[in-house]
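This report refers to the structure that appears directly beneath it.
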Amino acid sequence: MKTQERWHTVMQNNYGVPPITLIKGEGIEVWDEDGNKYLDFLGGIATNILGHAHPAVIKAVSTQIKELSHVSNFYAHPPGVQLAEKLQGLTNDPRARVFFCNSGAEANEAAIKLSRLTGRKRLIAANGGFHGRTIGALSITGQEAKRAPFEPLLSGINFVPYGDAKALEKALSRRTAMVILEAIQGENGVVVPPNGYLREVRELCDEYGALFAIDAVQTGMGRTGEWFGFEHEGIRPDIITLAKGLGGGLPLGAMITLGDRTPSFKPGEHGSTFGGNPISCAAANAAIDFIVKKELLDKTSIAGEYLKRRLAKIPGVEAVRGRGLLIGIVLESNIASAVAAKAMSNGLLVNAPSKNVIRLAPALIVTKKQLHDFVDLFATTIDQVQNG
Ligand SMILES: *Cc1c(COP(=O)(O)O)cnc(C)c1O
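Under the working numbering, think of the first position of the sequence shown as 5, with each following residue one higher.
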């Protein structure tokens, strides 16, 4: 029996039954159980920043697992401190301090707990935003359908329209502990806020003495052509949360505090047994080194511009939005899930975060030829769904 036919007899149904079973990957190509090959333009949901089976990651992980794999947070280990140093360097802030965990939700949980140390209790987040599935992270997720079955959630949370600084100003008060926003709303269909929005939010948070957290779980680690996805606004948030691309494909999350007004956990106030384990940190170090050495940030910006330019010309595409290699293709009608399914049968992995949007988040190592092949096949796919 095929693997996905066994799925429903043993697995919770929270993902539904997956349509295919993947068994092998190399670069941005993956193969399923039946030997079909796909161009992976979803990248494990913006996670496989260097693609599948990247030699630098394999080498770092293999070397590390032979030396030391898990020690708990009672002891220091070199890959963890090295990674924190690298992340501090990427933030350009010597006061940056890092807490490691395993996922995006956990990184945001850490930020929520940290915000309580200000003595204030209220949080502001954006409609449509996504911050994870645990109770705390879900409480700040502005998507009613995901929240409703699990209420009551945390209290004291205000949701404001994303991209609207005036609405945020109305919601802010001296009781606001933290404002948390994505630099681009990934799960909501790659929604890019207007230019200047993040800067205005920064100024408002300063005015009201609230922390400003950027959830860079999806936009981080070079995906947008910048390290964290907010740099084009020239701002510095108080907190950055990371996961997805951080571990080079391995599970790893981080919460980074910046500046000198952000509170700091005291010993015993927070923790994670597996968080920042040596293997994941070794993979992350290798991925960051590779991105720097191969100048992948610039290449990501160029690749994104190329994709946007070509995708926008496809009949049936209304607009293309995003930054770098986080792209939302807005379709003229609500056929995104049919397009994603057809794309799969044509050998392309993409997903449909909303009814009329297809999301792309390929690995940053994607080649010009792969981009070209993708666009051709994607245009055929849309044509088939619309006219076939
Ligand atoms: C995926 C995502 C999360 C949740 O990350 P998990 O690792 O699934 O917990 C949080 N925030 C954003 C912006 C995300 O895209």
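Note that beta-carbon positions come from the ideal geometry of N, C-alpha and C, so glycine has one too. These numbers were taken from a predicted model, which means no experiment stands behind them.
Spatial neighbours of W231 in its own chain (CB-CB distance under 6 Å, excluding positions within 5 residues in sequence) are listed in chain order as L94. The DSSP-derived three-state label of I62 is helix.
Of the residues V389, G326 and H376, the one whose Cα lies closest to the Cα of S337 is V389. Counting the other CB atoms within 10 Å of its CB gives R10 a total below 16, which places it among the exposed residues. Relative to ligand 1, even the nearest heavy atom lies 7 Å or more away from the CB of Q147. Restricting attention to alpha helix (DSSP H) runs no shorter than 4 residues, the stretch 31-88 encloses them at 47-50 and 59-71, ordered along the chain. Around the Cβ of Q16, a 10 Å sphere holds fewer than 16 other Cβ atoms; the residue is exposed. Look at A347 here: in three-state DSSP terms it is helix. Of the candidates R325, D380 and G392, G392 places its Cα closest to the Cα of A342.
Here DSSP, grouped into helix, strand and coil, assigns T95 to helix.
Checking the 7 Å criterion, the Cβ of G190 is within range of a heavy atom belonging to ligand 1. Annotation: the continuous beta strand (DSSP E) that includes R101 extends over R101 to C105. Cα atoms of I369 and I32: separation of roughly 8 Å, rounded to the nearest angstrom. A distance criterion of 7 Å places the beta-carbon of F278 beyond contact range of ligand 1, judged by its closest non-hydrogen atom. According to the DSSP assignment, A247 belongs to no beta strand (DSSP E), since it is labelled neither H nor E. For T122, the closest of R363, K372 and D264 by C-alpha to C-alpha distance is D264. Relative to the Cα of S349, the nearest Cα in the group T266, K41 and K312 belongs to K41. Bounds of the beta strand (DSSP E) holding R126 are R126 to A130.
Per the coordinates, the alpha-carbon of R313 lies some 16 Å from the alpha-carbon of T371. When rounded, the separation of the alpha-carbon atoms in D242 and A181 is 12 Å. Distances taken from the Cβ of E89 to the heavy atoms of ligand 1 include none shorter than 7 Å. For N355, the Cβ stays outside the 7 Å cut-off from all heavy atoms of ligand 1.
Considered as a whole, the stretch 117-165 harbours 126-130 and 161-164 as its complete beta strand (DSSP E) runs of no fewer than 3 residues, in chain order. In this chain, the beta strand (DSSP E) harbouring T261 covers G257 to T261.
Cβ contact annotation for A356 (same chain, cutoff 8 Å, sequence separation greater than five): A340, S341, V343, A344, I362 and R363, in chain order. Taken from the Cβ of A169, every heavy atom of ligand 1 lies 7 Å or farther away. Taken in chain order, the unbroken stretches of alpha helix (DSSP H) that lie wholly in the stretch 246-322 and span 4 residues or more are 282-297 and 300-315.
Nearest in C-alpha terms to R120, of all of G133, G132 and G140, is G140. Relative to V324, the option among V379, R126, A367 and A247 whose CA is nearest is V379.
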